[in-house]
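Below is one structure, written out as C-alpha cells; comments come after it.
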C-alpha cells in the first residue's frame, strides 16, 4: 500500500512538471575585432574578442507570465569565485546583467506589467531615451474603443526604489488611416508625439520629444522605401543640446549620437541581398556641438545564414574621432568585426 501511495505521489509530481509552461530561449554571439586607431604618432593596431550569451526565461500560468532576461558577457568574471552582477542594465560589466525582470497579468480588461524592463528601441522614444528603460515600473493599460490607453509609474533610478510621482506618464496609441499615432506625456517633464506606418510604398517613423524645459527638445526620424532591389532609408536625431540623446545601443545607427560633444546624427542606409547574402551600407555624420567638428562614419556589412544554423556577419567601419575641436586635426579609425551568432 505504501509503495502504491509513493508511486501515485511521484506520478502526480511528474504530471505537474509536464504541465508547467516554462520556456527558455536565447541567442549567443562571438565577436572578433581588428582595430586601427589613427593619431599624430601613427596608427595603433589592436585585436580582441568578446562573448555574449542572452537567455530569456518565461514562465506562464493562465494570463500571467513571469519574464527574466539575462545577459552574460565576458569570461573573466566566470573564472572568479564570485560573479559580478549588474542589475541596472546601463553600461557593460563582465559577468551577469539582469536586463529585464517583470510580471505581466490581467485584472478584468486591464493589463498589468510590473518590474524592471526596457520598452525597446522600437517603442515610442526608444531611440532617444536608452530604450525607455525603467525600474520598479508598473504599467496599466486597456482598450478604449480603437485606442490603447496606459498609465505608468516607476522608481527614480535602479538604486532608488522610491516611486517618482513626478515621473508618472500617460500614453495613448491609436490607429489612424493605416498608421499609428502615439502620444506619451510625463507630467511637468515632456511630451512625445510619434507617427509611424506606411504610405504609397514609403515606411516612416517620426517622433518628437517636446520638453517642458527650454532648449531641450529632440527629433527622431526614419524614412525608407524600396528602389528596385535596393532598400533605401534615411534616419536622423536632432537635439537642442548634447546629453539629451541617451540611447547607446541603437538598432539603426552605425555610430551613437551620445557624448558631451554630439547633439545629433544623420545617416543613409542602402541594403540588398545577393545569392542569400544580405549586404548593407550605412554612411552618415555625427553632428558636433558649436566648438567641435562633425564626425563622418561609414559601415559596410555582409551577413549570411550558414548551413549549421548560425549567422556569420562581417563588417568594416571607418569613422572620425568624436569631439575634435574646430581647429583640431581629425583622425579616423578602421574597425573590422567578425560576428558569429546563433539563436535557440
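Numbering (the working numbering), first residue to last: 1359 to 1702.
For glycine and all other residues, C-beta sits at the position ideal for the given N, C-alpha and C.
Please report the residue range of the beta strand (DSSP E) in which residue i lies.
i            : result
residue 1430 : 1422 to 1431
residue 1540 : 1537 to 1544
residue 1533 : 1527 to 1534
residue 1479 : Looking at the DSSP string, residue 1479 is not in any beta strand (DSSP E), and its letter there is neither H nor E.
residue 1554 : 1548 to 1557
residue 1392 : 1379 to 1395
residue 1580 : 1576 to 1585
residue 1645 : 1635 to 1646
residue 1521 : Unbroken run through residue 1521: none, as it is neither H nor E.
residue 1656 : 1653 to 1663
residue 1414 : 1402 to 1419
residue 1700 : 1690 to 1701
residue 1467 : It is not in any beta strand (DSSP E) - residue 1467 carries neither H nor E in the DSSP assignment.
residue 1505 : 1505 to 1511
residue 1565 : 1560 to 1569
As a quick exercise: from the options, pick the residue whose alpha carbon is nearest that of residue i.
i            : options                : result
residue 1527 : 1669, 1492, 1578       : 1492
residue 1397 : 1659, 1689, 1700       : 1689
residue 1640 : 1658, 1406, 1468, 1547 : 1658
residue 1537 : 1520, 1671, 1521, 1505 : 1505
residue 1649 : 1684, 1421, 1643       : 1684
residue 1486 : 1501, 1534, 1552, 1495 : 1552
residue 1503 : 1521, 1532, 1584       : 1532
residue 1604 : 1594, 1617, 1610       : 1617
residue 1568 : 1544, 1696, 1678, 1586 : 1544
residue 1595 : 1586, 1581, 1585       : 1581
residue 1513 : 1589, 1495, 1507, 1606 : 1495
residue 1465 : 1483, 1482, 1530, 1421 : 1421
residue 1478 : 1427, 1630, 1507       : 1427
residue 1508 : 1520, 1456, 1470       : 1470
residue 1560 : 1585, 1432, 1425, 1548 : 1585
residue 1704 : 1652, 1676, 1653, 1696 : Nothing about residue 1704 can be reported from this structure: the residues present for the chain run from 1359 to 1702 only.
residue 1429 : 1403, 1484, 1386, 1462 : 1386
residue 1630 : 1530, 1587, 1456       : 1587
residue 1652 : 1457, 1583, 1686       : 1686
residue 1484 : 1432, 1606, 1401       : 1606
Within a Cβ cutoff of 7 Å, which residues of the same chain sit near residue i, ignoring the five residues on either side of it in sequence?
i            : result
residue 1626 : 1592, 1641, 1642
residue 1437 : Unreliable placement is indicated for residue 1437, whose pLDDT of 41 sits below 50; the coordinate value is still reported in the next sentence. So no residue of the chain qualifies.
Which residues in the same chain have their Cβ closer than 8 Å to the Cβ of residue i, if we skip the five residues on either side of it in sequence?
i            : result
residue 1384 : 1411, 1412, 1413, 1414, 1701, 1702
Please report the Cβ distance between residue i and residue j, rounded to the nearest whole angstrom; I am assuming they are in contact, meaning their Cβ atoms lie under 8 Å.
i            : j            : result
residue 1619 : residue 1667 : No, residue 1619 and residue 1667 are not in contact; Cβ-Cβ is about 42 Å, not under 8 Å.
residue 1558 : residue 1599 : Their Cβ separation, rounded to whole angstroms, is 36 Å, which puts residue 1558 and residue 1599 out of contact at 8 Å.
residue 1644 : residue 1672 : No, residue 1644 and residue 1672 are not in contact; Cβ-Cβ is about 24 Å, not under 8 Å.
residue 1612 : residue 1655 : 6 Å
residue 1663 : residue 1393 : Not a contact, Cβ separation roughly 27 Å.
residue 1541 : residue 1498 : The pair is not a contact, with the Cβ atoms about 17 Å apart (cut-off 8 Å).
residue 1546 : residue 1570 : 6 Å
residue 1476 : residue 1460 : The pair is not a contact, with the Cβ atoms about 10 Å apart (cut-off 8 Å).
residue 1706 : residue 1621 : Past the boundaries of the shown model lies residue 1706; the chain is included only from 1359 to 1702, so the question cannot be answered.
residue 1480 : residue 1609 : 7 Å
Here's a check: name, in chain order, each residue in its chain whose Cβ is nearer than 6 Å to the Cβ of residue i, leaving out the five neighbours to either side.
i            : result
residue 1388 : 1409, 1698
residue 1566 : 1551, 1577
residue 1380 : 1417
residue 1694 : 1392, 1674
residue 1439 : Any reading at residue 1439 must be qualified, since the residue scores a pLDDT of 38, below 50, and its modelled position is unreliable; the value itself is stated next. For residue 1439, where only same-chain residues beyond five positions count, there are no Cβ hits under 6 Å.
residue 1405 : 1392
residue 1579 : 1564, 1594
With respect to 7 Å, is the separation between the Cβ of residue i and the closest non-hydrogen atom of the ligand ZN below this value?
i            : result
residue 1610 : You won't find the ligand ZN in this model; it holds no ligand whatsoever.
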